[in-house]
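Worksheet: the structure to be examined is printed underneath.
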Amino acid sequence: MTLEAMQTPLDDEYSQWQLQPSQKNEDQILRQHLGMVKRIVRQLHHHASGCIGLDDMEQIGLVGLLEAVRRYGAMDDNFRFFASRRIRGAILDELRRRDWRPRQLRQQVHELNKVAKQLTKQLKRQPTEQELAATLKISQEACNRLLYAAQAEELYSLEQLFENENSSFDIESKDSAIQKLIDDDLLKNVLSQLPKREQLILDFYYQKELSLKEIAIVIGLSEARICQLHKQALKQMNMMIKSQL
C-alpha cells in the first residue's frame, strides 16, 4: 500500500480496525501526517542500497507513525518531532534487519572512519570529502556513498540509545507523557551543547524534514559536507547521551 492509497478508506491490515471514536482520531492524525512520512522516506532512501523499495519504506514509516500516535497521548506542537523519530527508527530497524550493509560496505565504512580520525588529528580540523576521497583513493561519488552509510549507522545508534533508555525506566504506556518529558529534556540538553551550525542542520533535518541536499542549498555547503557534519553531530550526541545514562 502506497501513501496515495491512504486517500481512500484504509485496507489490508488497517481494514480490520473497528473505527471507534479514538481510532477515528488515529485515522485522521495518520492522514494529516502522510507528508511527513514521505519526506522522511526521501531523506533515508540514500541509505537503502537497493535492499528495499520506496513503497515498502513508506509502509514501514506509516507503521512507525501509528506507533507514535498511540504512544504520544494528547497531541501538541511537539508531536511532529516525536513522530519523526519513531518513523526514522522504524525504517532504520527494518534496514538493519535486512542487513542493508553488506560486509564489504561495513569494512569500507570502518576504513572511512579510521581515515577521518587520522586526518582530523593530522590537519587539526575535520577533513573535507575531497581529502577523504583522495586519501582512500576512491572517487568522490564512492566517498559520498560511504559518508551516507556512516551517517545512517550513527543515526541508528542514536535511536537505539533512546530505545534502551526508555526500557530502563519501565514506564507503562499510561505514563507515556512522563517518558516524553524525559526524552525531550535529554534531547534539549545535548542539542544545546552542539555548535550552532550543527544545531541548525539538525533542526532543518528533524524539525523541518529537509533532505541533506536541501539543507546544503540553504547553508551553502556541499551535500557531502552536510552529511559529514550531520554524522559528526550525531556522534557527539551519542557520546553525550551515553555519558548521562
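To convert, note that position 221 of the sequence shown is 220 in numbering that gives the first Met the number 0; the numbers rise steadily by one, no gaps.
Using N, Cα and C, we set each Cβ at its ideal position, and we do this for glycine too.
The structure displayed is predicted, hence computed values, not measured ones.
Across the set L190, A148 and H45, the C-alpha of A148 shows the shortest separation from the C-alpha of R102.
In the DSSP assignment, L33 falls within the alpha helix (DSSP H) that extends over L33 to L43. Contact between the segment 56–74 and the segment 28–45 is present: three or more C-beta pairs spanning the two stretches fall below 8 Å. Relative to the Cα of Q150, the nearest Cα in the group H45, E140 and L209 belongs to H45. When the beta-carbon positions are compared, L122 and E130 come within less than 9 Å of each other. Straight-line measurement puts the Cα of L190 at about 23 Å from the Cα of T119. Cβ-Cβ distances below 8 Å link L199 to I218 in the same chain, with the five nearest sequence neighbours on each side left out; the list follows chain order. A direct Cα-Cα distance of roughly 27 Å separates I216 from T134. Taking C-beta separations shorter than 8 Å and ignoring five residues to either side along the sequence, the partners of L111 in its chain run L131, L135, C142, L145, L146 and A149, following chain order. Burial of H229 is indicated by the presence of at least 16 other C-beta atoms within 10 angstroms of its C-beta. Just so you know, the alpha carbons of I59 and E25 end up roughly 17 Å apart.
For the 9 Å CB-CB criterion, I51 and E93 form a contact.
Around the beta carbon of P194, fewer than 16 other beta carbons lie within 10 angstroms, which makes this residue exposed. Taking 9 Å as the cut-off, the Cβ atoms of G63 and V36 count as close. Across the set S242, R79, R84 and E152, the C-alpha of E152 shows the shortest separation from the C-alpha of L104. Per DSSP, I218 is one residue of the alpha helix (DSSP H) stretching across L211 to I218.
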